[in-house]
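In case it helps, full-length UniProt numbering puts the sequence shown at residues 1 to 964. Glycine included, every Cβ here is placed at the ideal spot set by N, Cα and C. On a predicted model such as this, the values are computed, not experimentally measured, just so you know. Read through the structure below, which is laid out as structure tokens, and then see the notes.
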Amino acid sequence: MKINLSNAVKFESRHNGPTEAEIAEMLEKIGATSLEELINQTVPESIQSERPLDLPKAKLESEFLADFKKLASKNKVFKSFIGMGYYDTIVPGVILRNVLENPGWYTAYTPYQAEIAQGRLEALINFQTVVMELTGMELANASLLDEGTAAAEAMTMLHAVKPRVKKTANKFFVDEKTFAQTKAVLETRAEPVGIDLVFGSIDDLDLTDPTLYGVMFQYPDADGAVRDYSSIVAAAKENNVMTAFASDLLALTLLTPPGEMGADVVIGSSQRFGVPMGYGGPHAGFFATKEDYKRQIPGRIIGVSVDKAGNKAYRMALQTREQHIKREKATSNICTAQVLLSVMASFYAVYHGPQGLKNIALRTHGLAKLTAQALAKVGLEIGSQTFFDTIQVKMNEVAMERVRGLALGSKMNFRYEEGSVFISFDETKTLEDVKKIVSIFATEEGKHTLNLDELVETLELELPEGLARTSDYLTHPVFNSYHAEHEMLRYIKRLENKDLSLVHSMISLGSCTMKLNATAEMIPVTWPEFGQIHPFAPMDQALGYQELFTNLRTWLTEITGFADTSLQPNSGAQGEYAGLMVIRAFHQNNGEGHRNVALIPTSAHGTNPASAVMAGMKVVLVKCDEKGNIDIEDLREKAQAHSQDLSCLMVTYPSTHGVFEVGIQEICQIIHDNGGQVYMDGANMNAQVGLTSPGRIGADVCHLNLHKTFCIPHGGGGPGMGPICVAAHLAPFLPGNPIVKTGGTKAVSSVSAAPYGSASILPISYAYIAMMGGDGLTNATKMAILNANYIKERLEGHYPILYTGTKGRAAHEMIVDCRGFKEAGVEVEDIAKRLMDYGFHAPTVSFPVAGTLMIEPTESETKAELDKFCDALVSIRAEIKEIEEGKADKENNVLKNAPHTSQMVLVGEWDLPYSREKAVYPLEYVKENKFWPSVRRIDSAFGDRNLMCSCIPVDAYASEEEMA
């Protein structure tokens with residue numbers, strides 16, 4: 001046998017599921033002679049790419065990791081004392097290994113199917129409890145994108161709920177001592193919606209101003225100072241002015257919570273609860289408010305309900321209100337969560353418990369206090385004497401530069417602003433660090449360094465009355481039971497085992513693209529060279545990151561056919577918003593700021609109209625025809641009617657219905673002819689890469705869901721990344737940052753707090769592109785289209801398929817119509833729940849058409865997995881037929897009772913009119929790897945009627961009467 005010395009296994013063959021033999025079988029099944037023929041029948045010839053992608057040659061996994069380690073080594077890991085909302089933290093090993101590095105946690109989807117997401121939901125309830133109790137507020141959501149966007153949500157929510165006497169008030173005052181990156185995001189969000197944003201000293205605030213509706217403080221502030229705001233809050237209430245606090249969870253273990261001062265909203269970041277800085281993200285922002293505003297709180301709320309047996313169960317409360325009901329009337333977006341990171345923060349709080357958190361806070365504060373006292377003895381002027389973790393050292397510019405040089409020599413980063421050096425402490429810092437810092441300043445001042453022993457002996461917490469916390473927090477048993485690592489490990493695994501993820505089976509969610517998150521792509525995420533870098537560290541300490549950004553921007557620009565890319569938006573929804581803001585800035589620069597109409601097809605994702613409203617646009621809906629395509633004549637009519645004020649069209653391609661519309665270039669031309677720009681939603685980019693591109697089609701800007709097409713895992717509902725790629729005329733307006741130079745020459749203000757969004761997860765997409773290469777990415781797109789058409793062919797004859805292209809092909813997803821089963825009493829929800837008994841997560845339910853399933857298999861699934869999924873749906877169709885033929889009861893059957901739990905089939909009498917085996921082992925393959933839902937079908941209405949969003953005793957809901 002001849003030996004092939006170059007016979008290494010390409011990464012592409014690991015990522016793309018079907019083998020050559022399986023490809024041939026599937027092509028035969030769907031009636032195509034080759035992949036090329038299938039693609040030509042699917043993608044309109046007029047938009048097909050004329051050349052292959054110009055990307056570097058694909059690397060082997062081992063080759064990539066070795067090369068990427070060299071790139072990572074260009075980042076210098078200095079000790080960060082910069083602060084500003086980003087701090088070094090210790091990720092407990094048990095959380096690092098079993099959550100952040102565990103695909104059982106990071107490959108799960110948003111918990112819309114609550115019965116198979118109880119573990120994540122419990123962790124999120126814990127997160128909400130931590131936020132509520134530390135802030136002293138009545139209600140918290142399950143996270144937002146970062147502190148800056150959380151502040152923006154507070155500003156807009158308070159505007160929506162302001163008292164009637166302030167109906168016309170439009171001014172929002174923000175203390176000048178708020179973090180600079182937060183102020184920049186507030187500026188971006190305020191202007192389009194007409195909020196008059198004012199920055200100034202809190203001491204100059206006129207609360208009697210009739211135009212003032214809200215005030216925001218940073219507590220502790222950007223200079224590190226802590227002050228008692230209770231009298232200001234009281235005065236604000238007297239004048240019908242609402243108050244928001246930007247705060248710090250660790251500080252609130254020692255400080256009086258804002259809720260006890262009367263705050264209306266408290267926001268911040270949970271990053272320092274065991275989530276690495278990661279050059280800016282991802283981190284879970286938090287948002288807490290009063291129960292009065294539960295219908296207005298942005299994002300997701302996890303609540304407690306009951307299942308069909310009356311047992312306690314968790315679910316997403318009020319889960320559809322933004323994305324599927326308010327649509328163009330929404331002012332925020334449900335797609336704004338960081339679930340994996342909030343799960344990590346919640347486990348951090350569980351592991352340390354209230355006393356452990358307090359000890360970390362005391363030690364952090366103690367190090368800051370010791371440093372302040374020592375530097376005062378050296379003769380330096382310290383700013384505020386009341387602080388938590390940050391001290392201000394006042395110095396002239398010459399002295400500051402000498403300190404900077406000495407600090408860099410000791411591999412330390414301080415924060416330098418005019419006339420002051422700021423030093424922020426965290427749980428990773430030590431007494432040795434304090435000695436080094438004191439030595440640096442003493443050397444600069446020409447003094448001998450101090451012996452700190454005496455100061456250490458007398459160190460005590462001395463907060464003024466009114467600022468020292470007296471109330472208890474985190475008293476629930478969950479925060480007081482798992483402090484031994486063995487117990488913590490078992491708790492994490494117990495929750496993980498309740499959740500279905502990609503480690504169990506394919507998750508075929510249309511428009512969500514749940515593909516392989518390869519191990520080689522995930523490995524660099526936890527390297528210290530990426531995790532332990534502050535987003536505002538000196539640029540020469542982040543050269544590895546800068547090289548990564550440059551390459552990734554170049555690659556994404558090539559893939560999309562555009563001219564430039566911004567990596568700042570830290571979710572798909574943020575990408576939509578950023579793209580629209582760039583279009584808005586373009587029109588304003590041309591003297592056409594009046595252009596504010598966004599045309600949006602009725603089939604669009606609910607995020608589209610919400611983002612348009614946030615960008616200050618007026619939404620005009622465009623009809624779709626009976627085939628699900630954009631009604632071109634209705635589009636033309638509305639574009640012409642609004643030609644004087646047309647801003648843009650928001651279009652998804654392939655369409656939300658899973659079809660490559662042949663008229664897409666004509667659609668783009670109509671918009672351009674009437675003075676508008678074309679924004680392309682990148683949700684379905686997985687069907688474009690290498691075959692066509694937004695630039696070739698005629699769009700001007702698109703966002704990319706890196707957590708879909710480019711392999712960043714969904715993490716149970718976040719993290720995500722939503723970079724925007726733009727044509728040359730829009731490149732000058734790409735978003736900037738007030739601290740780090742990013743964006744174009746005429747950059748819009750920040751859309752996210754960190755300059756490069758969630759930078760630490762960008763290595764995942766970088767790795768995917770580097771290991772696939774241009775041909776591999778193109779082949780992945782072809783496989784996605786093949787897999788979708790194979791499922792379509794297998795299901796046709798059992799279920800109606802709603803939409804196809806002109807030659808009968810689906811794109812990368814298709815819609816299965818379940819509305820005809822209503823006559824038999826079967827709803828699409830029944831099919832979704834029954835799929836759990838077969839070991840599968842439901843496809844996308846009732847979107848974009850009510851009563852349907854939207855199925856997207858992705859290229860990563862093998863034919864064997866596709867066949868299991870199809871077998872399940874075919875079997876469920878047979879179960880429906882039993883009901884239609886009267887062989888099964890219309891109300892008491894396997895679909896209506898699904899999902900079936902182990903307790904249901906093992907405990908007590910079996911009194912259902914079908915066998916236990918039919919309930920839990922409906923097909924032979926299920927026996928091999930049975931996934932058991934942990935609860936029965938959940939009563940959603942019950943949970944909304946009795947909204948409970950924090951940890952409560954297990955037996956709290958014995959009955960609805962008790963609950964009420």
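By Cβ distance, which residues of its chain are closer than 6 Å to residue i, with the 5 residues on each side in sequence left out?
i: G720; result: S571, G572 and H707
i: S934; result: Q118 and K498
i: S439; result: T449
Please report the straight-line C-alpha distance between residue i and residue j, rounded to a whole angstrom.
i: R321; j: H714; result: Residue confidence is low: R321 scores 42 on pLDDT, short of 50, so the model does not pin down where it sits. Its coordinate-derived value is still stated next. So the two alpha carbons sit approximately 22 Å from each other.
i: M1; j: K10; result: 22 Å
i: V165; j: A244; result: 19 Å
i: I325; j: A58; result: Because the pLDDT at I325 is just 45, under 50, the model does not fix this residue reliably, and the point stays unresolved.
i: W105; j: Y112; result: 16 Å
i: M650; j: N608; result: 7 Å
i: Q323; j: N40; result: Its pLDDT being 42, under 50, Q323 is placed unreliably by the model, and the measurement read from it follows with that caveat. For Q323 and N40, the distance between alpha carbons rounds to 35 Å.
i: P18; j: K863; result: 6 Å
i: G379; j: V215; result: 37 Å
i: Q296; j: C949; result: 15 Å
i: M26; j: L341; result: 40 Å
i: E460; j: D175; result: 30 Å
i: K167; j: L158; result: 12 Å
Provide the residue span of the beta strand (DSSP E) that contains residue i, from first to last.
i: M680; result: Q677 to D681
i: G268; result: V265 to S269
i: I724; result: I724 to V726
i: I391; result: T390 to K394
Quick test of your reading: residue i and residue j, contact by CB under 8 Å. State the CB separation rounded to the nearest angstrom.
i: T781; j: Q568; result: Contact doesn't hold; Cβ gap of about 26 Å is too wide.
i: V345; j: V275; result: Note that residue 345 is Ala in the sequence shown here, rather than Val. With 8 Å as the limit, A345 and V275 qualify as a contact, their Cβ atoms being about 6 Å apart.
i: S501; j: T107; result: 5 Å
i: I724; j: T565; result: 7 Å
i: D681; j: E558; result: That belief does not hold up - the Cβ atoms of D681 and E558 are roughly 20 Å apart, past 8 Å.
Using the rule of at least 16 other Cβ atoms within 10 Å of the residue's Cβ for burial, across every protein chain shown, is residue i buried or exposed?
i: T89; result: buried
i: A610; result: buried
i: T208; result: exposed
i: Q48; result: exposed
i: E50; result: exposed
i: W555; result: buried
i: R315; result: buried
i: S481; result: exposed
i: I301; result: buried
i: E879; result: buried
i: S471; result: exposed
i: H486; result: exposed
i: V954; result: Note that V954 scores 40 on pLDDT, short of 50, meaning its location in the model is unreliable and no value can be drawn from it.
i: I712; result: buried
Using a Cβ-Cβ cut-off of 7 Å (strictly less than) and excluding sequence neighbours within five positions of residue i, which residues of its own chain qualify?
i: T135; result: S247, L252, P257, P258, G259, V266 and A288
i: S902; result: W932
i: S46; result: Q665
i: E187; result: L197 and S749
In the DSSP assignment, find the unbroken alpha helix (DSSP H) run with residue i in it and report its ends.
i: G690; result: Note, G690: premise wrong, no alpha helix (DSSP H); not H, not E.
i: P601; result: Careful: P601 lies outside any alpha helix (DSSP H), inside the beta strand (DSSP E) at V597 to P601.
i: D871; result: K863 to E884
i: G281; result: Per DSSP, G281 belongs to no alpha helix (DSSP H) and is neither H nor E.
i: S424; result: Careful: S424 lies outside any alpha helix (DSSP H), inside the beta strand (DSSP E) at S420 to S424.
i: A767; result: L762 to L795
i: S62; result: E61 to A72
Given residue i, which residues of its chain have a CB within under 8 Å of its CB, disregarding the five upstream and five downstream residues?
i: L802; result: G628, H657, M814, I815, V816, D817, V849 and T852
i: A788; result: G658, A810, A811, H812, E813, M814, I855, E856 and P857
i: T692; result: V43, I47, Q48 and S49
i: P913; result: A888, D889, N892 and N893
i: K638; result: L599, V620 and V622
i: P354; result: T253, D472, Y473, L474, T475, F479 and N480
Within 9 Å (strictly less), CB to CB, does residue i reach chain C?
i: K638; result: Included in the structure is just one protein chain, with no chain C present.
Does the beta-carbon of residue i, which I'm using as the reference point, lie nearer than 8 Å to any heavy atom of the ligand ADP?
i: R300; result: Absence of the ligand ADP from the depicted structure is noted, as is the absence of any ligand whatsoever, leaving it without description.
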